[in-house]
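In UniProt numbering, the protein residues as written are 1 to 562. By construction, the Cβ of each residue, glycine as well, lies at the ideal position given by its N, Cα and C atoms.
Laid out in structure tokens, this is it:
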């Protein structure tokens, strides 16, 4: 029986020719063909209640998102732990430069984790890449918690960082390929929310162990708990359907689709498998026909690939250059300088507000859109930085515009500074905090793993620059200068988003890569979304018309019989 995907024109049974897909289609962008036949649009292959998140899908997303929690906990914990180390490492307190090195250890490890596991994610699979990340999380936490020298804690942070970098890359990639188009934004958002949630937990636990002997060891040791939980649940996670198809395991891929789309008919499941199969078959030709070096070179010489990578990497880089993570890494130090008796508890201010804002943002991202959220809330973030800059200038007038340990700053002005930080975090939490991790959905399947790896490496390099320079910036260019520097980067980032970051709302994950064919796709994304809405509306209207006609005929038969 011929599939609807093999039809080439409208028929009586299928009046909508947009469902078709010819068997000869090759969606191989790197060949630079002028004409590119369209593959089936997955957004039109809708299963019943597809926009409803099922319990099974929730389970998959939550287990995968534990990687995001680990990412958040292990990056946020250092802000609460470092002030508690005291003389436990080598018999002397850590200097500012040593604190920066310890903090940067995880970032350096994350660069290697993303760079190594990115290219290997297709070969190993998403599931087992998460498994490897958990092993590094566990080993790193044990090394750090048992440290009695500066060298050991740095090594532990490096090992831990490999897990952080891998989880930051693989978790959103895995979720992107599992989630239905209608709820993909919310599903990726759960992983994004778990990052600040982990940071909140680390700050909360840190505030509770301020007077506990070796409290910093407890903080780091607790990082093994979520990694062990995820390891124990790994058996129940399926592999990504697209990876299974890459391996030729189509029956297994069909089973995964059937579990995700519980109410879908066999015909709909077959159509979804056909869509995934067509994209996988078309995109794997790059791997078959090019060497590793040629594929790596193609990422930058082929314009659509280069534009997509620049778009997602740029957003990630600017999410770091705004300076938010310095509030996490050095929250204890910063709020201690501002006179807080429990700096770790004060660290809950940025992490807690960020978590709440991310939760709100991920709840509305599929309705509002990714790009629109950045354009709306980035100005809020910039207003907060202006506020904080002015408050910091007046607060530090008596100390030559520098923060000095033990100085009793005016509490009113310090409160105003914190108010500016709060406004900044509100804007950041609704935009940059989590939208950067939607990177995988912008990348074509053939470069999704490697492109995500490049983007994740970019974010960690930017994170490294910010984390190792923050304390030095406070000393050399003053707190006001530091906030102004972040403000400048925020303005540049806003301009970048306006011109180079298209909207992906409502576009299937296999269609988004087409946005970058001629430019960065900002205008094309609006055209594609409008076209898809119109086609989807026609499909539903035709379906409703058929049902109405069928009901009318049934009524006529009944009337005749009577």
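Supposed contact pair residue j and residue i - C-beta distance, whole angstroms, cut 8 Å
i, j, result
"residue 394", "residue 413", "6 Å"
"residue 105", "residue 203", "20 Å between Cβ atoms; not a contact."
"residue 219", "residue 81", "5 Å"
"residue 206", "residue 77", "7 Å"
"residue 253", "residue 260", "That pair is no contact at about 11 Å."
"residue 100", "residue 468", "5 Å"
"residue 109", "residue 72", "Not confirmed; about 16 Å, so no contact."
"residue 363", "residue 196", "Wrong, their Cβ atoms sit about 14 Å apart, outside the cutoff."
"residue 163", "residue 114", "The Cβ separation is near 11 Å, so there is no contact."
"residue 516", "residue 499", "About 13 Å; that fails the 8 Å criterion."
Per-residue DSSP class, three states only, for residue i
i, result
"residue 322", "coil"
"residue 173", "helix"
"residue 129", "helix"
"residue 436", "helix"
"residue 249", "coil"
"residue 179", "coil"
"residue 402", "coil"
"residue 509", "coil"
"residue 25", "Residue placement at residue 25 is flagged as unreliable, the pLDDT there being 36, under the threshold of 50; a coordinate-derived value is accordingly withheld."
"residue 411", "helix"
"residue 526", "helix"
"residue 214", "coil"
"residue 289", "helix"
"residue 520", "coil"
"residue 58", "helix"
"residue 264", "coil"
"residue 430", "coil"
"residue 239", "coil"
"residue 88", "coil"
"residue 75", "helix"
"residue 194", "helix"
"residue 273", "helix"
"residue 504", "coil"
"residue 396", "coil"
"residue 355", "helix"
"residue 53", "coil"
"residue 340", "coil"
"residue 444", "coil"
"residue 223", "coil"
Chain C contact for residue i (CB, 8 Å cutoff)
i, result
"residue 318", "Annotation note: the requested chain C is absent from the structure, which comprises a single protein chain."
Residue i to residue j span [Cα, whole Å]
i, j, result
"residue 431", "residue 79", "23 Å"
"residue 139", "residue 398", "47 Å"
"residue 409", "residue 424", "22 Å"
"residue 300", "residue 307", "9 Å"
"residue 453", "residue 296", "12 Å"
"residue 232", "residue 504", "34 Å"
"residue 497", "residue 379", "12 Å"
"residue 74", "residue 198", "8 Å"
"residue 472", "residue 193", "30 Å"
"residue 221", "residue 368", "40 Å"
"residue 21", "residue 381", "Per-residue confidence for residue 21 stands at a pLDDT of 38, beneath the threshold of 50, marking its modelled position as unreliable; no derived number is given."
"residue 241", "residue 268", "15 Å"
"residue 116", "residue 407", "46 Å"
"residue 528", "residue 514", "10 Å"
"residue 111", "residue 456", "8 Å"
"residue 223", "residue 270", "42 Å"
"residue 377", "residue 436", "14 Å"
"residue 143", "residue 322", "31 Å"
"residue 495", "residue 375", "9 Å"
"residue 186", "residue 490", "25 Å"
"residue 165", "residue 146", "22 Å"
"residue 141", "residue 522", "43 Å"
"residue 320", "residue 462", "6 Å"
"residue 441", "residue 405", "46 Å"
"residue 288", "residue 265", "34 Å"
"residue 180", "residue 91", "55 Å"
"residue 256", "residue 157", "36 Å"
"residue 470", "residue 69", "24 Å"
"residue 236", "residue 383", "46 Å"
### Query
Counting pairs of beta carbons, one from the segment 211-224 and one from the segment 472-492, are three or more of them closer than 8 Å?
No, the segment 211-224 does not touch the segment 472-492.
### Task
Counting only runs of 4+ residues fully inside the segment 96-157, write out the alpha helix (DSSP H) ranges in chain order.
96-124, 126-145
### Query
Would the segment 304-323 and the segment 172-187 be scored as touching if the rule is three or more Cβ pairs under 8 Å?
no
### Task
Run through the segment 456-497 for me and flag every whole beta strand (DSSP E) of 3 or more residues, listed as ranges in chain order.
none
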